[in-house]
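Presented below is the structure to which this report refers.
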Amino acid sequence: MELLIIRHGQSQAELEERHEGRADFLLTELGRFQARQAAAFIYAKYPLQHVISSPLKRAFETAEIIAKPLALEVHTDARLMERDNGKLAGMLRSEALDKYPYPAEGRRTYEKFQGGESDIEFRSRVENFFSELCHHPPAHRVGIIAHGGSINMLFRAFMNLPMDVNIYLGTGDTGIHFWHLSERYRQILFSNYLGHLQDKPTQ
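Going from the sequence shown to this note's numbering is simple: count from 1 and add 1.
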């Protein structure tokens, strides 16, 4: 199975410098442009056969734009949603830093994230999705449109990394990761590809 893992385009929260998480922000016009550029690249180079998306608006809209040229339906799965960040959802980053500063001693994997999910809960639901996908692949080449946090958890599941590992996979707006899975091995073909964004939107 081949997986193209794609982060959503720029959302309104990024412009307003707000925490996203479960806050359901729409894409900006730039975010829609980014999604169209990603769609053209994927259509030309790696045409998908099946598309799965987080149901949050910024991811789902990105997925619809990517799926449209391929005439594919977008299937949603709540397990791909961004971390439930509790009280931080939609809050200005400056306000959150003042009200809920990150603890100096760090946060343990079992501790809730400001009333939301712990690392263990977040990893568990994404791992559940990934395990099911591996055992019941819906197609040979599958596109997954999700969020920075859930993509990072997919990466940890793909790499069989331990729960408390301090490794993060960075993904820009509409960044694309390409992974291959077979019975013999798992292979990362490229990570956080952003070449489709070299062209700038016209004013």
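A virtual CB, placed ideally from N, CA and C, is assigned to each residue, including glycine.
The structure presented is a predicted model; accordingly, all values stated were derived computationally and were not measured.
- Secondary-structure assignment with DSSP links Phe26 through no beta bridge to anything.
- With a beta-carbon spacing of about 14 Å, Gly149 and Leu89 fall beyond the 8 Å limit used to define contacts.
- Excluding sequence positions up to five before and after Gln188, its CB lies within less than 6 Å of the CB of His181, all in the same chain and listed in chain order.
- Annotation note: the segment 38 to 75 contains the following uninterrupted beta strand (DSSP E) runs of length 3 or greater, listed N- to C-terminal: 51 to 54.
- A residue is called buried when at least 16 other Cβ atoms come within 10 angstroms of its Cβ; Glu118 meets this threshold and is buried.
- Between Ser151 and the set Glu133, Ser125 and Pro202, the nearest pair of CA atoms involves Ser125.
- Assignment of Val143 by DSSP, reduced to helix, strand and coil, places it in the strand class.
- In the DSSP secondary-structure assignment, Phe191 is bridged to Phe179.
- Around the beta carbon of Ala64, a 10 Å sphere encloses 16 or more other beta carbons of the protein chains shown; the residue is thus reported as buried.
- C-alpha of Ser95 to C-alpha of Asp25: approximately 19 Å in a straight line.
- DSSP, reduced to helix, strand and coil, places Glu3 within a strand of the structure shown.
- Under the DSSP assignment, Asn167 falls outside any alpha helix (DSSP H); it carries neither an H nor an E label.
- Residue pairing from DSSP places Leu93 in a beta bridge opposite Arg19.
- Remark: three or more beta-carbon pairs, one from each stretch, lie closer than 8 Å, so the segment 121 to 140 and the segment 158 to 171 are flagged as touching.
- The count of Cβ pairs closer than 8 Å, one atom from the segment 31 to 42 and one from the segment 5 to 21, reaches three, so the stretches are in contact.
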